[in-house]
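Let me begin by presenting the structure, written as structure tokens, before commenting on it.
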Amino acid sequence: MENDKNPIANPVIVLREEFDDWAVLFDPDSGDAFGLNPVSVFIWKLLDGTHNDRDLLNKLLEKCKNVPEEVESDITEFVNDLVERGFAGYETTVEERRFEMDDKELTYEKPRLLILGASDSGASDNAEPEDSAMCDVGQAAAYICGLGFSPALLCGEGAGDEG
Amino acid sequence: MKSKMRIMKTPKTVDLDITNQCNLRCKYCFHFTSAGDVDIDLPKEGWFQFFEELNRCAVMEVCLTGGEPFYREDLKELIDGIVRNRMRFSVLSNGTLITDDTAAYLASTGRCNSVQVSIDGSGTEPHDTCRGNGNFLKAMAGINNLKKHNVSVAVRVTIHKHNVWNLEEVTELLLDEIGLPGFSTNAASFFGLCSKNAAQVQLTVEERSIAIKSLIRLNKKYNGRINGAAGPLAEGRIWVRMEKARLHKENCHPGRGRLTGCGCPMSKIAIRSDGAIVPCNMLSHIKLGQINRDRLQDVWLNHPEMRKLRVRRNIPLRDFEFCNGCEYINYCTGNCPALTYTMLGKVDHPSPDACLRKFLDDGGKLPVSY
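Note that the protein sequences, when read in sequence, are chains A and B.
Mapping of the first sequence onto the working numbering: residues 39 to 201, in sequence order.
Mapping of the second sequence onto the working numbering: residues 1196 to 1565, in sequence order.
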């Protein structure tokens, strides 16, 4: 890894964690929202100005088993994407905000920003699922961003208990 | 077997009754005389503290309502607080107080999703009959100010006795003359002042049939640029689908046959102008807590009333005597719990107002071709 600078998350960008370990990364200035898989969430939480790409890799290796060979380039690509979009940068001031990290092991999935569209596109309260493939983007993230997930899906058919 | 209900960790959107004050008293206002009509406006400091909590909860959007949000003299300061706390916002307004300066300010924030302005007719008569003299022109001026500054305008047409014959003209005004991309519709419904003035403003079954037919026709003519989550257009669409399903003896539609009509408790919550946390500003009698005293996330995840509203969707319509023998039961959601409450005094029941069988039994007609 060539980049030894410490990326830091743009403090204006909102990380909205959800019940299925996915999250929504929300840019309030543009209204754009992106789905983050659990590996991406893990990396995002480390963008506090104290970890360079090598640190991110090492932390991820501690957290995930069976990571592929291309994990280094995956991380670099992800961080670069964040930087290009203005979601992260290389400022020298250390961001004070800290996220809670759990000890749960992660299954590796390539970290990436999944474009979900503008948040205000408006999830219809009564919409029915339109595309079961959207399960892949995290159910809550998809619902939040109006991709056709319904409250019924959040509840599960025949739901009776609450989590 | 029961499956686990998956609840967002915090609400995505929060509706804020930012004020209980309004410069108008529209005859079908859902707010005044409702349980949300509390004569207290939380001072700005209280809202600022709450906005910080919303930031920590990663709430994405607040919807400012009231009363009339632009009636609050410190509204700009409040919006600055929303922006500071990483949220976007939308506003529900009667439009009459939106000056050029106000619109310029909204645009300057870069965070305004939309301002919804109520326009109920193509001219003064159908609009001002229920909203007061001079208010059509003021609301139109408000829209022009918003458009001048490129603030997204979302017009809502509330359909009632005095504009049901004006739907073609108001559509032409909004879509052809003003050039809006679309507008939404609903109907004067049995809430607040409307419940007191029902005979003067609410549609009869015949008028409702006319509104359904007109709106479906106009929406077709304007390529789907009219929408509605409630009111005659929404009812017309759903009811036509239900009638087709009945005729073809279709199996139970997904998510139907139970009280699934409201998904709001899965993604949003509301705050009254006195700071009381409520599930919805139309269920403002259900007080769940108080902002800056009770943690929003605790209320959201754990309050028994929120749980009750969420599991309401598991209640089968066949359990209700009201639905006995109904051929539409497998295609019906029971509709809005708030309207059910104002009509029957209870939430866990299908809404009589949204009942297709009752509508047809009372002489209502659906469009023959759609």
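Every residue, glycine too, gets a C-beta built ideally from N, C-alpha and C.
According to DSSP, residue pairing for E55 (chain A) in a beta bridge involves A:A61.
A distance of 7 angstroms or more separates the beta carbons of V1350 (chain B) and F1331 (chain B). Secondary structure at K83 (chain A): helix, using DSSP grouped into helix, strand and coil.
The Cβ-Cβ distance between A1406 (chain B) and P1427 (chain B) falls below 7 angstroms. The continuous alpha helix (DSSP H) containing R1279 (chain B) extends over residues L1270 to R1279. If you draw a 10 Å sphere on the C-beta of S1303 (chain B), you find fewer than 16 other C-beta atoms in it, and that means exposed. Closer than 7 angstroms to the CB of R1552 (chain B) there is not a single CB belonging to chain A.
Here M1282 (chain B) really is in contact with V1257 (chain B); their C-beta atoms are around 6 angstroms apart, less than 8 angstroms. A distance below 7 angstroms separates the beta carbons of A1253 (chain B) and R54 (chain A). A straight line joining the alpha-carbon of T145 (chain A) with that of N1280 (chain B) spans about 33 angstroms. Contact annotation for K1439 (chain B) against chain A: no contact, minimum CB-CB distance about 16 angstroms [criterion: below 7 angstroms].
Contact check for G1387 (chain B) against F1515 (chain B) fails: the beta carbons are separated by 7 angstroms or more. Among the residues of chain A, those whose CB is under 7 angstroms from the CB of R1281 (chain B) are V50, V52 and P66, following chain order. Boundaries for R1490 (chain B): no beta strand (DSSP E) harbours it, and the DSSP string shows neither H nor E there.
The beta-bridge partner set that DSSP reports for T1208 (chain B) consists of B:E1256 and B:K1463. In this structure, the beta-carbon distance from E1263 (chain B) to C1217 (chain B) falls below 7 angstroms. Listed along the chain, the chain A residues whose CB falls inside 9 angstroms of the CB of I1338 (chain B) amount to none; the nearest CB is some 19 angstroms away. Taking A1382 (chain B) as the centre and dropping the five residues before and after it, the same chain places the C-beta of T1353, I1354, H1355, Q1397, L1398, R1403, A1406, A1425, G1426 and P1427 closer than 8 angstroms to its C-beta, in chain order.
Residue pairing by DSSP places Q1485 (chain B) opposite B:A1471 in a beta bridge. Closest in C-alpha terms to A1230 (chain B), from the list B:D1556, B:C1550, B:L1561 and B:Y1536, comes B:Y1536. Taking 7 angstroms as the threshold, the shortest C-beta distance from F57 (chain A) to chain B falls below it. When 7 angstroms is used as the limit between beta carbons, A1253 (chain B) is near these residues of chain A: V52, L53 and R54, in chain order. Per DSSP, the unbroken beta strand (DSSP E) holding R1351 (chain B) starts and ends at V1348 to I1354. Look at the region 1467-1488 of chain B: it has no residue with a C-beta under 7 angstroms from a C-beta of chain A.
Taking every protein chain shown into account, the CB of A1299 (chain B) has fewer than 16 other CB atoms within 10 angstroms, so this residue is exposed. For S1404 (chain B), the enclosing alpha helix (DSSP H) covers residues V1400 to K1416.
Using a 10 angstroms sphere on the CB of C1447 (chain B), the tally of other CB atoms stays under 16, which defines it as exposed. By the criterion of at least three beta-carbon pairs nearer than 8 angstroms, the region 1455-1466 of chain B is not in contact with the region 1406-1416 of chain B. Taken through DSSP and simplified to helix, strand or coil, Q1244 (chain B) comes out as helix. With the rule of 3 Cβ pairs closer than 8 angstroms, the region 1285-1295 of chain B does not count as touching the region 50-65 of chain A. Counted as a single uninterrupted DSSP element, the stretch harbouring A71 (chain A) is not any alpha helix (DSSP H) but the beta strand (DSSP E) occupying residues D70 to L74. Secondary-structure assignment with DSSP links P1511 (chain B) through a beta bridge to B:R1453. In the structure shown, the three-state DSSP call for V1542 (chain B) is coil.
The Cβ atoms of L1491 (chain B) and E1248 (chain B) sit closer than 7 angstroms to each other.
The beta carbon of Q1485 (chain B) sits closer than 8 angstroms to those of G1470, A1471 and I1472, all from its chain and outside the five residues before and after it, given in chain order. Pairwise C-beta distances place the region 69-85 of chain A out of contact with the region 1314-1327 of chain B, as fewer than three of them are shorter than 8 angstroms.
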